[in-house]
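A short worksheet on the structure shown next.
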Amino acid sequence: MKKIFYYIAIGMIVAAGSSCKKVDNYAAPTETLKGSVNDAVTGKGIQTEQGSGTRIKLLEISYSNSPTPFYISSFQDGSYTNTKLFAGKNVISAEGPFVPLVQVDNTGKTVVDKSQTVDIKGTTTVNFSVEPFLRVEWIGEPVYDAAKGTITAQFKFTRGTTNPDFQQNVSDAYLFVNSNQYVGNNNYDNRYSQRIVYNGTDGNAQAGQTITLTTNGGALPGKREYFLRVGARIAYGLNYYNYTDVKTVTIP
Amino acid sequence: MLNYNQTQIIMKKYTYIIWAILLCYTTACKKLDTLPPNIVNDSDVLSNSAGVQAYMARMYSELPIEDFRYSPQRGLNFFWIISPFSAITGEALSRDQNNAMQESLTFDDRPTTWSRCYTLVRDANYFAETLPKYASNFTPAQINSWLGEARFIRAATYFALVKRYGGVPIVDKVLQYPQQSIDELKIPRSSEEKVYDFISTDLDYAYANLDESNQVGRANKYVAAGFKSRAMLYAGSIAKYNNISLVDGGGNRLCGIPAAKAVTYFKAAYDAAVLLESKYSLYKKSWTAGDKNAQYQNYVSLFSDASSPENVFVRQYHYPESVHGYDAYNVPRQLMGANGYSSEVNPTLNFVEMFDGIPKNADGTIKTTTGGKYDQYANTMDLFANAEPRLRATVILPGDVFKGVSVEIRRGIYTGSAAGGISPLLPPGSTANYPTTNIVQSANASQTPYKLPNGTTMNPAGLSGFFTGDGTCSVSGFSIRKNLAPDKPTSEVLENRSDQAWIELRYAEILLNRAEAAYELNSLGQSDKNYMQDAFTDINQIRERAGATLLTGVADLNNINIIRTERKKELGFENKTWWDMRRWRVADKEQNSTIYRTLMPFYVAETGKYFFDARTDERNSRYTFDVRWYYEQIPQGEIQKSQNLIQNPGY
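Chains as they are written, first to last, in the numbering used here: chain Y, 1 to 252; chain B, 1001 to 1651.
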């Protein structure tokens, strides 16, 4: 009896010990996906806000026909990178302040599909060429008015697409000010930022015009840098802003 | 070694034992099929009307309405409401809720609204499918009425879902597992339109089957019609104002309703609202024409008179078994109860400025200065001497009486010279702090009295605020009155000690639904009835009871915002405004880096009078509504369970 008991005990210990080896048998993800969402006309990255702006949508179809989407947020300048992906076949598209790459009509039929099917392996680069809703551009450099302590910026916005479905009214333009380079609708100093709100169709006629905005809230505290960016948007979908690039103004 | 005899004896013993065991087994088998006596079965509950009532009571208690126990931070049916719903809509400011937000997905592992709703849908479906098995115990009329009630509950629950998430999976029968496969149970979302149609069908069924009257707190046929007017108005607004779209592969529009459907839905809302006419009426028991004080008292009583003919659907509470803490959290600071809570809901000046009877500038803001100098008043209530009675009944104005005491709200004492008048303390629109010269103020409720020129002393701040150091005061210059028990002794102003009923649907809302639907129908070119005349009459009924200025003619009603503002005033602090701002799709415009306004009374030491400073919230709380919030995020856990669910845009 005793002998049998020992045999069983040893057997169980061996079984338990050897089975542990196989628990974590899948290698950590190592593949890299990177690229940029660019303006089809200028070729530059579409400026956006990090986190709540452009994001890349991955549908991994190697294991399922209807996978749960996986999203990668892009950087502020429209580029993105993720170095911890599993190898696999993905349908990749992007969402943000531009004409959607995948458009579905009201019967559920996909009428436009510019998503790319890509095998992610090693370092894979996927770029997108899109039409922004609006192109927002600086005119000259922002000027610091030493007497008033304010910064004045000039800019213009123009329609980025001729697609008749995306000509909604321009709702507002915003001069965002922040104390670090991450500046936009998700991250700005609301004491100094200034905006123009357009009623109804009023904003549409402003397209192409030079618009001047001056920072709000009196004199800016000195001896530091301010980061400025102008955003403008149309009333479509999630009302994403299109932006200029970031300019830095140093206040003495 | 045992000898033969001993072996025989042992063998015999075993044989007996084996027989005995076998005997026990076979006899025991007979009784295995007895129902356990400690479990309540369908037959116990659904074969007698007391059991049915108990089943109903639980379903009603789970009904997803945003009542005294709701806050966006912590969800439905929770006792701790220190971050009030009205503090995300611009109706109020609160020390514990000072930014825009949408409903939290989860709080402390409590079930999400999504899962609560589907649990209740299952309960309602189970009831409707099981009750007919016990039909022999009841009359057909009883059965029909209860089935109608179950449909009402299901419709109200789907309304709670659709107004949050857009199109959701429609479950119209009890799902069985494991009889049904997992794949069958992964029901995809239906279109938003289909969910509203489903609600409409259920409420029509309820209207047809329910009785004319029911116990208080339960639905009768007019409650079903009232809910329908509300739900259809939401659907019509979304068809008209929404510009977000999400379409699945099968062509179901999960977010958004085709604009062509607006007329259908507004008509349904209008027709449903008309059904309640002459069944309910506005509460005017102590209302007297021309008597502002009577009208004010009448409007206060509206929320505490259980026999009000205006109450369409209420949720009752009763101490000690079913309670809330509305009084404890919201009384003015000087009437604070022993739990140490107070003044969580402080109406904004933006809310107050909507009402009639206060001096106003040309742009509609409150007038506190003349010729660049502050107007001075002997008492803080003098500014509001002619205020609309409904305003006084909704908001405790500085210096007004509540529970027999004057609620003292004072920002500080102005000690500077008053010769030639006092210029505004800050430039217009400034978000800066008040200057500290010429102003004495208090950091908290333990104050150092200030010696006035006449030799008497006075605390810098009022008993109910404003305190600069902590938020345990009126942070806006106003305090909430609506729904507070007007006679509760301070010893009972405690958490979980209040039990006034929550009025979820009252006839005033029905009139407002009707007016809005009528106006929208007219603007969409419908002329089968005189809709504008109808809207005009509805709005004037509300205004007359409120003691507000009446519209002089139909031509006055020239803007949808007149109806919307009336709705915001009448239904303020009743947890409806948030949903209205969403369905009108105006929330992102109203809240775009918005700071709400406050009104700060100062005492002038030299003249012994008060002046008021209207300014933006001193705490600089900014509100920005994220456009994604027009459709809430579907809990990620639900998508993991059922991968056919498509997430709403942007999450």
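Quick reminder that beta carbons are idealized off the backbone N, C-alpha and C, glycines included.
Item	Value
Please report the straight-line C-alpha distance between I1082 (chain B) and V1604 (chain B), rounded to a whole angstrom.	34 angstroms
With respect to the beta strand (DSSP E) encompassing I1563 (chain B), which residues constitute its N-terminal and C-terminal limits?	That residue, I1563 (chain B), is in no beta strand (DSSP E); its alpha helix (DSSP H) goes I1560 to E1570.
Within the continuous alpha helix (DSSP H) that includes L1391 (chain B), where are the two ends?	P1389 to T1394
So with CB distances below 9 angstroms, who are the chain B contacts of Y7 (chain Y)?	Chain B residues near Y7 (chain Y): none, gap ~29 angstroms exceeds 9 angstroms.
Within a Cβ cutoff of 7 angstroms, which residues of the same chain sit near N204 (chain Y), ignoring the five residues on either side of it in sequence?	N169 and V170
Leaving aside the five residues before and after A173 (chain Y) along the sequence, list all residues of the same chain whose C-beta is less than 6 angstroms from its C-beta, in chain order.	I196 and A232
Could you name the residues of the same chain whose beta carbon sits closer than 8 angstroms to that of L1551 (chain B), not counting the 5 residues immediately before and after it, in chain order?	F1536, I1539, N1540, R1543, L1557 and I1562
Is there a Cβ of chain Y sitting closer than 8 angstroms to that of R1189 (chain B), yes or no?	no
Whole angstroms is fine: what's the gap from S1115 (chain B)'s alpha carbon to I1634 (chain B)'s?	11 angstroms
Just reading off the beta strand (DSSP E) that F157 (chain Y) is part of, what are its end residues?	T150 to R159
What number of angstroms, rounded off, separates the C-alpha of K89 (chain Y) from the C-alpha of T110 (chain Y)?	21 angstroms
Helix or strand or just coil, what does DSSP make of F1198 (chain B)?	helix
N1350 (chain B) bridges to which residues according to DSSP?	In the DSSP output, where bridge partners are listed per residue, N1350 (chain B) has none listed.
Does P164 (chain Y) come out as helix, strand or coil in the three-state DSSP assignment?	helix
Based on the DSSP secondary-structure assignment, which residues constitute the bridge partners of A1614 (chain B)?	B:L1599
In terms of alpha-carbon separation, which member of B:M1532, B:D1382, B:A1124 and B:G1075 lies closest to V1052 (chain B)?	B:A1124
In the stretch 131–165 of chain Y, which residues sit with their C-beta less than 8 angstroms from some C-beta in chain B, listed in chain order?	none
With F1303 (chain B) as the anchor, note down where its beta strand (DSSP E) starts and where it stops.	That residue, F1303 (chain B), is in no beta strand (DSSP E); it is neither H nor E in DSSP.
May I ask whether a heavy atom of the ligand MG can be found less than 7 angstroms away from the beta carbon of S93 (chain Y)?	This structure does not include the ligand MG; it has no bound ligands of any sort.
If we define contact as Cβ-Cβ less than 8 angstroms, is R1597 (chain B) a contact residue for chain Y?	no
Identify which residue in B:E1606, B:K1589, B:Y1610 and B:I1366 has its Cα closest to the Cα of N199 (chain Y).	B:K1589
Considering S79 (chain Y), what are the terminal residues of the alpha helix (DSSP H) in which it resides?	Per DSSP, S79 (chain Y) belongs to no alpha helix (DSSP H); it is in the beta strand (DSSP E), S79 to L85.
In whole angstroms, give me the CA-to-CA distance for V1312 (chain B) and A1231 (chain B).	15 angstroms
Taking Q1663 (chain B) as part of the alpha helix (DSSP H), name the residues at either end of that continuous run.	Nothing about residue 1663 (chain B) can be reported from this structure: the residues present for chain B run from 1001 to 1651 only.
At the 8 angstroms Cβ level, is R1619 (chain B) part of the contact set with chain Y, yes or no?	no
Output the distance between the C-alpha atoms of T158 (chain Y) and Y80 (chain Y), rounded to the nearest integer angstrom.	25 angstroms
Roughly how far, in whole angstroms, is the beta-carbon of T161 (chain Y) from the beta-carbon of E131 (chain Y), given that I think they are within contact range, below 8 angstroms?	4 angstroms
In this structure, what does DSSP give as the bridge partners for R55 (chain Y)?	Y:S73 and Y:E95
Residues of chain Y with CB closer than 8 angstroms to the CB of V1586 (chain B), please, in chain order.	Per Cβ cutoff of 8 angstroms: no residues; V1586 (chain B) is ~12 angstroms from chain Y at best.
Quick one: does L230 (chain Y) have its CB under 8 angstroms from some CB of chain B?	For the sequence presented, residue 230 (chain Y) should be read as Val rather than Leu. Closer than 8 angstroms: no.
In this structure, how does DSSP classify Y174 (chain Y) when only helix, strand and coil are distinguished?	strand
Answer with buried or exposed for N1433 (chain B), where buried requires no fewer than 16 other C-beta atoms within 10 angstroms of its C-beta.	exposed
Closest by CA to G1462 (chain B), which one among B:R1164, B:A1135 and B:Q1334?	B:Q1334
By how many angstroms is the C-alpha of L1494 (chain B) removed from the C-alpha of S1322 (chain B)?	14 angstroms
CA-CA distance, T1015 (chain B) and D1033 (chain B)?	29 angstroms
Which residues of the stretch 237–252 of chain Y have a Cβ closer than 8 angstroms to any Cβ of chain B? Give them in chain order.	G237, L238 and N239
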